[in-house]
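Using my numbering, count along the sequence shown one by one with no gaps and you end on 141. Note that the Cβ used here is the ideal one computed from N, Cα and C, for glycine as well. These notes are about the structure you will find just below.
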Amino acid sequence: MKKNFLKFLTLSVTAIGALLFFQTFANQALMDPSFDTSIVPVGFNNTVQTVAKQSDGKIIFGGDFTTYK
C-alpha cells in the first residue's frame, strides 16, 4: 500500500474561509475549497516568495506577482 504524507509548516484560514497549507517542500500554498464549493478562489497572479508580519499586524507579501484578485 502506497501512502502519501505532507509535512506542513503552517495552516492558515483566509478572510473568505479558505484553508492555506504552506508546505516545507514547495514554494506555494494550496487552497482546498472542497469543504465549501461556494468559495471562489482568489489570490496572486504568480508566485509568492515570502510573507512577513509587521509589528502593526499588517501582513506583507513579496514575490513574482503583479496583482491580487
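Contacts around residue i, its chain only, beta-carbon distance under 6 Å, and the 5 residues preceding and following it disregarded
{"i": "Ala124", "result": "Ile132"}
{"i": "Tyr140", "result": "Phe116"}
{"i": "Gly135", "result": "Thr119, Val120 and Gln121"}
{"i": "Lys130", "result": "none"}
Residue i in three-state terms, based on DSSP
{"i": "Val120", "result": "strand"}
{"i": "Lys125", "result": "strand"}
Limits of the beta strand (DSSP E) - the one that residue i falls within
{"i": "Phe137", "result": "Careful: Phe137 lies outside any beta strand (DSSP E) and carries neither H nor E."}
Residues near residue i by beta carbon distance below 7 Å, same chain, minus five either side
{"i": "Gln126", "result": "Ile132"}
Close Cβ partners of residue i (< 8 Å) along its chain, the five nearest in sequence each way excluded
{"i": "Phe137", "result": "Phe116, Asn117, Asn118, Thr119 and Val120"}
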